[in-house]
Amino acid sequence: MEEHTVVSSKGQVVIPKALREAFGWEHGTRLTVAVDESGIVLRTAPTKKARVEAIAKGLQSLSGMLGQAQNSPAITDDDIATIVRARALARNSVRGIVKAKGRP
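Take the sequence shown: its position 95, counted from the start at 1, is 94 in numbering that gives the first Met the number 0, and no numbers get skipped.
Here it is, written out as structure tokens:
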């Protein structure tokens, strides 16, 4: 499916109704805007609950691997905060690279 739209003077783009309906995007739906080799890509953004669940699942998996060794320490709140900060730093670094290449 292909539709056409224009960028407004405020930089806004109206997503055609047929596409919004096809993807189930309603007023207030949060989207992730990314750049790949073909151009700009819109995806439904994961909800906060989904992100927290994904992080928790990853930490449980990591905890399981670490917990296999006898007397291994449990993952602390500080460990979790460090992981979250590292992910944010990595995400911001990628954004900086994209901007440095002259892409918005």
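The beta-carbon is built from N, C-alpha and C at its ideal position, and this holds for glycine as well. Quick caveat: nothing in here was measured; it's all calculated off a predicted structure.
The beta-carbon separation of arginine 42 and threonine 31, rounded to 5 Å, stays under the 8 Å limit for a contact. Take the alpha-carbon of glycine 27 and the one of alanine 89: they are about 27 Å apart. For the set Ser8, Ala17, Lys56, the Cα lying nearest the Cα of glutamate 1 is the one of Ala17. Here arginine 42 is bridged, per DSSP, to Thr31. Here isoleucine 74 really is in contact with serine 62; their C-beta atoms are around 5 Å apart, less than 8 Å.
Boundaries of the alpha helix (DSSP H) around glutamate 20: 16-22. Take proline 15, set aside five residues on each side of it, and the residues of its chain with a beta-carbon closer than 7 Å to its own are Glu2, Thr4, in chain order. Per DSSP, the beta bridge partners of valine 12 are Val6.
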